[in-house]
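Just below is one structure, and these are the notes that go with it.
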Amino acid sequence: MAPRKSATAALVLALAGVLATAAGEDFSSNVDSSGNIALPRDFRTSMVHLGSWFVPEGGASGFHDVYTERASVEFYRANGRFPDGATLVKELRGADSADYTTGAGVSAASEQIKQWFVMVKDQQGRFPRNPLWGDGWGWALYKPDAPDQNLATDYKADCLGCHLPARATDLVYSHAYPTLTAVE
Ligand code: HEC
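Throughout the sequence shown, residue numbering follows our numbering, covering 19 to 202 in sequence.
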């Protein structure tokens, strides 16, 4: 009787583990069960380019290229908002300027990657005690010399203030992303 009981207990534990993993993966393949966010691998081909910014000067100068999942674009086009689990990646690259056949002083992204910012939509407040989650999003920052390490420690100090001007559009500067609008 005892062996059977422990076999049942092991099965229950195994099932619980499978269910917990499945719940995490249903939400986002870039987030583990503790709320740690990973930079999506090879996002330039696995995701869709939403749009770009050009910042003329300062530490963030250069091109800011923004990406999300194709399914998140389709959801946004249908519903006017990002779905639960949507991932936004912003890559910052330096800029080089030169004369081209299109004109003088033309800017192009350089090979220098400065950093990556990531936001993951969370409609359920899944990680209330994690300081990198809140206001409907998970927040992360990576640099090329440590792309596995989220350098943000507290989204309220590291991110939120600068995103408040976009509060009316869920803290995302979405007006600059033409991909979110279908081309007729
Ligand atoms: C100095 C102000 C500032 C800080 C700090 C900041 N952001 Fe942003 N962020 C912006 C602005 C402005 C944009 C859009 C324009 C641009 O990129 O220049 C933006 C765009 C983004 C985007 C693209 C999607 C969108 O919202 O339009 C992501 C993703 C992002 N930020 C994540 C973060 C995360 C995560 C942090 C904290 C680790 C952070 N940001 C900190 C100002 C900031």
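Beta carbons are placed, not taken as given, at the ideal position from N, Cα and C, and that holds for glycine.
Quantities reported herein were computed from a predicted structural model and do not represent experimental measurements.
In the structure shown, the three-state DSSP call for Y94 is helix. Cβ-Cβ distances below 7 Å link Y118 to V124 in the same chain, with the five nearest sequence neighbours on each side left out; the list follows chain order. The DSSP assignment places complete alpha helix (DSSP H) segments of no fewer than 4 residues inside the region 61-106 at 61-64 and 88-97, in order along the chain.
L106 has its CB nearer than 7 Å to a heavy atom of ligand 1. Assignment of R185 by DSSP, reduced to helix, strand and coil, places it in the helix class. With fewer than 16 neighbouring CB atoms inside 10 Å of its own CB, E202 falls in the exposed class. Taking 7 Å as the cut-off, the C-beta of A164 does not count as close to any heavy atom of ligand 1.
In terms of CA proximity to S70, G80 leads the group L178, G80 and T187. When beta bridges are read from the DSSP output, R111 appears opposite F81 and I131.
Put simply, the region 157-166 does not touch the region 184-197. Fewer than three CB pairs are less than 8 Å apart.
The C-alpha of D50 lies about 11 Å from the C-alpha of D44. In this model, V190 and S90 are separated by some 14 Å (Cα to Cα). Residue burial is scored here from C-beta neighbours: V84 has at least 16 other C-beta atoms within 10 angstroms and is therefore classed as buried. Secondary structure of G179 (DSSP, three-state): helix. DSSP places S125 within a strand segment (E or B) once states are collapsed to three.
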